[in-house]
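Numbering of the sequence shown is given in my numbering, commencing with residue 7 and proceeding in unit increments.
Read the structure below first, then the notes.
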Amino acid sequence: MVEDEIEEQFGDSNIVNKSEDDLVVLYDSPEAYLHPQLQLNFLNYIKDYLNQKSDSNRKVQIIMCTHSKMIIDNTPDDSLYFLFYPDQVEENQLRSASEVPDELRNLISKEMGLTALSSGEDILLVEGRDDREVIQRIDDEIEKELSVIEMGGKDPIVNLDETFNKMVPKLDGVDLYAIVDRDRGMKLNKQIPDNIHVLPVTSVENLILKPDVIFETVQDILGRKLKTEGYESPQDIENLLSNIVLHENFIEKEAHTRWNEQFGELHLSYRSFEKSKGFDDIGSFAKNELGNKLDDVSEFSEIRKEVEQLAENGNIDQLQGKEILKELSNQFNIKTERLLRMCARRLDVEDLPDETRDFIQEAKS
Numbered sequence: 007m008v009e010d011e012i013e014e015q016f017g018d019s020n021i022v023n024k025s026e027d028d029l030v031v032l033y034d035s036p037e038a039y040l041h042p043q044l045q046l047n048f049l050n051y052i053k054d055y056l057n058q059k060s061d062s063n064r065k066v067q068i069i070m071c072t073h074s075k076m077i078i079d080n081t082p083d084d085s086l087y088f089l090f091y092p093d094q095v096e097e098n099q100l101r102s103a104s105e106v107p108d109e110l111r112n113l114i115s116k117e118m119g120l121t122a123l124s125s126g127e128d129i130l131l132v133e134g135r136d137d138r139e140v141i142q143r144i145d146d147e148i149e150k151e152l153s154v155i156e157m158g159g160k161d162p163i164v165n166l167d168e169t170f171n172k173m174v175p176k177l178d179g180v181d182l183y184a185i186v187d188r189d190r191g192m193k194l195n196k197q198i199p200d201n202i203h204v205l206p207v208t209s210v211e212n213l214i215l216k217p218d219v220i221f222e223t224v225q226d227i228l229g230r231k232l233k234t235e236g237y238e239s240p241q242d243i244e245n246l247l248s249n250i251v252l253h254e255n256f257i258e259k260e261a262h263t264r265w266n267e268q269f270g271e272l273h274l275s276y277r278s279f280e281k282s283k284g285f286d287d288i289g290s291f292a293k294n295e296l297g298n299k300l301d302d303v304s305e306f307s308e309i310r311k312e313v314e315q316l317a318e319n320g321n322i323d324q325l326q327g328k329e330i331l332k333e334l335s336n337q338f339n340i341k342t343e344r345l346l347r348m349c350a351r352r353l354d355v356e357d358l359p360d361e362t363r364d365f366i367q368e369a370k371s
């Protein structure tokens with residue numbers, strides 16, 4: 007595959023002819039003799055290789071058979087299949103992960119989770135696959151100290167203050183940590199445990215929205231084509247970011263998102279009710295919490311004005327990083343997932359916000 011990449015690069019320079027042959031690569035237990043971090047590096051290389059080939063007319067397919075938790079956890083459902091015993095299923099023994107019943111997936115997930123617990127490693131929970139990939143690529147040493155596990159969204163983590171308090175004493179020698187996106191609507195910064203870190207930016211995508219990182223990444227992907235499109239330095243990328251967030255459509259979408267957040271679900275934990283004073287029943291407690299939430303509601307015009315101000319001041323960290331990254335991807339015709347991964351690979355732990363870096367270091371220690 008490396009030789010194939012080299013041939014591709016020489017082909018761009020017309021030194022050799024590029025191979026136009028379709029390619030199928032089969033791997034049996036690629037995790038054998040590999041440290042978990044090397045398994046992740048291998049899988050990331052495979053993903054980048056396939057993303058690179060996706061822009062050409064050449065068809066490339068990679069099939070691997072594995073028992074590796076690392077590889078399974080980091081493979082999207084649309085590319086993941088489970089092979090069942092003949093007596094477990096009718097007809098085809100090979101089932102797409104998306105077709106496996108939730109009960110069975112939960113059982114499989116629990117078994118996978120037991121691997122992390124039995125290893126005695128501390129656990130870092132994150133919201134989704136992008137969060138895990140970005141953190142793993144920024145800190146390529148993290149898997150040596152922590153098992154990074156995605157939870158499939160914010161909700162499973164939001165109420166973890168209660169869950170942590172119940173689980174931690176039972177996990178002898180294992181500490182649990184979590185990282186969540188900053189959430190304006192639920193105000194997670196209130197009464198949040200020390201082992202849950204709220205990013206100081208809107209989402210994990212905001213961490214990679216640095217003009218120099220984006221410029222170098224896109225330059226690697228597009229080569230000389232980038233210059234012909236008018237992007238010659240990180241300053242040009244900074245101007246592009248500014249144009250994106252100042253665009254009418256972006257401001258309108260951001261304002262709508264913030265408006266909807268005001269009326270998101272009201273999360274009430276029983277522990278919060280227990281700690282509260284002056285309420286005889288959960289009903290009166292809930293009404294009080296809802297009343298407090300309504301006190302914070304703003305008119306749409308006020309929200310839109312706030313968004314415009316943030317955009318004009320270039321406060322990208324406080325805007326929706328996911329939407330900005332999508333616009334960048336469209337601008338350069340690069341898949342969003344690929345751009346996110348490759349930008350993250352250029353960053354280092356020292357590039358993270360101070361509080362995020364300190365939290366990860368504390369979790370690893």
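The C-beta atom is built at its ideal place from N, Cα and C for all residues, glycine as well.
Task: Contained alpha helix (DSSP H) runs [length at least 4] in the segment 61-90, N- to C-terminal order - done: DSSP runs (the alpha helix (DSSP H)) wholly in the segment 61-90: 75-79.
TODO: Could you please give the first and the last residue of the uninterrupted alpha helix (DSSP H) stretch that includes Y51?
DONE: Counted from its first residue, the sequence shown places residue 51 at position 45. Judged by DSSP secondary structure, Y51 falls within the alpha helix (DSSP H) whose first and last residues are P42 to K59.
Task: Residue from D360, S304, N249 and K341 with nearest C-alpha to H262 - done: In the sequence shown, residue 262 corresponds to position 256, counting from 1. Comparing Cα-Cα distances from H262 to each of D360, S304, N249 and K341, the minimum goes to S304.
- [ ] Flag M348 as yes if its beta-carbon sits less than 8 angstroms from any beta-carbon of chain B, otherwise no.
- [x] The structure shown contains no chain B; it is built from a single protein chain.
Task: Selected residue, minimal CA-CA separation from W265, among I309, L86 and D79 - done: Along the sequence shown, read from residue 1 onward, the residue named residue 265 stands at position 259. Comparing C-alpha distances from W265 to each of I309, L86 and D79 shows the shortest one belongs to I309.
Open item on the list: Could you give the first and the last residue of the continuous beta strand (DSSP E) run that contains R101?
Closed with: As a first step, residue 101 is located in the sequence shown; it is residue number 95 there, counting from the start. Counting along the chain, the beta strand (DSSP E) containing R101 begins and ends at L100 to S102.
Open item on the list: Please report the distance separating the alpha-carbon of Q315 from that of L130.
Closed with: Residue 315 sits at position 309 when you count from the first residue of the sequence shown. Residue 130 sits at position 124 when you count from the first residue of the sequence shown. A direct Cα-Cα distance of roughly 35 angstroms separates Q315 from L130.
Task: Inter-stretch contact at 8 angstroms, needing at least 3 Cβ pairs: the segment 137-144 / the segment 152-159 - done: The segment 152-159 and the segment 137-144 touch, with three or more beta-carbon pairs separated by less than 8 angstroms.
- [ ] Select from D83, V210, E312 and D10 the residue whose C-alpha is nearest the C-alpha of L358.
- [x] Your numbering for residue 358 matches position 352 in the sequence shown. Put simply, of D83, V210, E312 and D10 the residue whose alpha carbon is nearest the alpha carbon of L358 is V210.
- [ ] Given a cut-off of 8 angstroms, decide if F221 and S248 are closer than it, judged by their beta-carbon atoms.
- [x] Counting from one through the sequence shown, the residue named residue 248 turns up at place 242. Counting from one through the sequence shown, the residue named residue 221 turns up at place 215. Result no, Cβ atoms of S248 and F221 do not sit closer than 8 angstroms.
Task: Those residues which DSSP pairs with V31 across a bridge - done: Against the sequence shown, residue 31 aligns to sequence position 25. As a beta-bridge residue in DSSP terms, V31 pairs with I68.
TODO: Ignore the nearest five residues each way along the sequence and tell me which others in E2's own chain have a CB closer than 7 angstroms to its CB.
DONE: Shown here, the chain extends from 7 to 371; a query on residue 2 therefore has no answer.
Open item on the list: Here's the rule: buried if 16 or more other CB atoms are within 10 angstroms of the residue's CB, otherwise exposed. What is T223?
Closed with: Indexing the sequence shown from 1 puts residue 223 at position 217. It counts as buried.
TODO: Have a look at the DSSP bridge pairing and note the partners of D128.
DONE: As a working note, residue 128 is residue 122 in the sequence shown. Beta-bridge pairing links D128 to L152.
TODO: Express the C-alpha separation of L213 and L346 in angstroms, rounding to a whole number.
DONE: The count along the sequence shown starts at 1 and reaches residue 346 at position 340. The count along the sequence shown starts at 1 and reaches residue 213 at position 207. In a straight line, the C-alpha of L346 is about 10 angstroms away from that of L213.
Open item on the list: In whole angstroms, give me the CA-to-CA distance for D354 and Q142.
Closed with: Taking the first residue of the sequence shown as position 1, residue 354 is located at position 348. Taking the first residue of the sequence shown as position 1, residue 142 is located at position 136. Their Cα atoms are separated by approximately 10 angstroms.
Task: Assigned secondary structure, V219 (DSSP; H/G/I helix, E/B strand, else coil) - done: By 1-based counting over the sequence shown, the position of residue 219 is 213. DSSP places V219 within a helical segment (H, G or I) once states are collapsed to three.
Open item on the list: Distance check for Y39 and F48, CA to CA, integer angstroms please.
Closed with: Locating residue 48 in the sequence shown gives position 42, where the first residue counts as 1. Locating residue 39 in the sequence shown gives position 33, where the first residue counts as 1. For F48 and Y39, the distance between alpha carbons rounds to 12 angstroms.
Task: alpha helix (DSSP H) segments (min. 4 residues) lying fully within the segment 228-315 - done: Restricting attention to alpha helix (DSSP H) runs no shorter than 4 residues, the segment 228-315 encloses them at 230-234, 240-252, 254-268, 276-281 and 288-301, ordered along the chain.
Open item on the list: At the level of alpha carbons, what is the spacing between Y87 and D287?
Closed with: To locate residue 87, count along the sequence shown from 1; it is residue 81. To locate residue 287, count along the sequence shown from 1; it is residue 281. Each residue's CA atom was taken as its position, placing Y87 and D287 some 48 angstroms apart.
Task: the segment 96-106 in contact with the segment 62-70 per 3-pair CB rule at 8 angstroms - done: Two segments are said to touch when three or more pairs of C-beta atoms, one from each, lie closer than 8 angstroms; by this definition the segment 96-106 does not touch the segment 62-70.
Open item on the list: I need the DSSP call for A38, collapsed to helix, strand or coil.
Closed with: Locating residue 38 in the sequence shown gives position 32, where the first residue counts as 1. In the structure shown, A38 sits in coil (DSSP, three-state: anything other than H, G, I, E or B).
Open item on the list: What does DSSP give as the partner residue(s) for I185 in the beta ladder?
Closed with: Counting from 1 along the sequence shown, the entry for residue 185 is found at position 179. Bridge partners of I185: V132 and H203.
TODO: Kindly list the residues whose CB is nearer than 7 angstroms to the CB of E117, restricted to its own chain and excluding five residues on each side of it in sequence; keep chain order.
DONE: The count along the sequence shown starts at 1 and reaches residue 117 at position 111. Low local confidence applies: a pLDDT of 49 at E117 is under 50, so the model's placement there is unreliable, with the coordinate-based value given in what follows. Within the same chain, E117 has no close Cβ partners at all.
Task: Residue span of the alpha helix (DSSP H) that contains L346, given as start and end - done: Stepping through the sequence shown from its first residue, residue 346 is reached at position 340. First-last of the alpha helix (DSSP H) with L346: T342 to R352.
- [ ] Check N336 in the structure and name its three-state DSSP category.
- [x] As a first step, residue 336 must be located in the sequence shown, where it is residue number 330. N336 falls in the helix class under three-state DSSP.
Task: Candidates I227, R230, H203 and K328, of which the one nearest F256 by Cα - done: Walking along the sequence shown from the start, residue 256 turns up at place 250. Closest option to F256, judged by alpha-carbon separation, among I227, R230, H203 and K328: K328.
TODO: Check E318 in the structure and name its three-state DSSP category.
DONE: Taking the first residue of the sequence shown as position 1, residue 318 is located at position 312. Note: E318 maps to helix in three-state DSSP.
Task: Continuous alpha helix (DSSP H) stretch holding D357: start and end - done: Here residue 357 is taken as the residue at index 351 of the sequence shown, counted from 1. That residue, D357, is in no alpha helix (DSSP H); it is neither H nor E in DSSP.
Open item on the list: Quick check on M7: buried or exposed, where buried means 16 or more other Cβ atoms within 10 Å of its Cβ?
Closed with: Within the sequence shown, residue 7 is the residue found at index 1, counting from 1. So M7 ends up on the exposed side.
TODO: Report the option in R344, C349, Q367 and A350 whose CA atom is closest to the CA atom of L56.
DONE: The residue you call residue 56 lines up with position 50 of the sequence shown. From the listed residues R344, C349, Q367 and A350, the smallest Cα separation to L56 is found for R344.
Open item on the list: Does N212 come out as helix, strand or coil in the three-state DSSP assignment?
Closed with: For the purposes of this step, residue 212 is taken as residue 206 along the sequence shown, with counting starting at 1. In the structure shown, N212 sits in a helix (DSSP, three-state: H, G or I).
Open item on the list: Buried or exposed, going by whether 16 or more other CB atoms sit within 10 Å of the CB of C71?
Closed with: As a first step, residue 71 must be located in the sequence shown, where it is residue number 65. Exposed: under 16 other Cβ atoms inside 10 Å.
Task: Nearest to E333 (by Cα), restricted to the options F306, I243 and G297 - done: Counted from its first residue, the sequence shown places residue 333 at position 327. Out of F306, I243 and G297, the CA that lies nearest to the CA of E333 is found in I243.
Open item on the list: Given this structure, state the Cα-to-Cα distance separating N298 from F90, to the nearest angstrom.
Closed with: Here residue 298 corresponds to residue number 292 of the sequence shown, with the count starting at 1. Here residue 90 corresponds to residue number 84 of the sequence shown, with the count starting at 1. Rounded to whole angstroms, N298 to F90 spans 52 angstroms at the Cα level.
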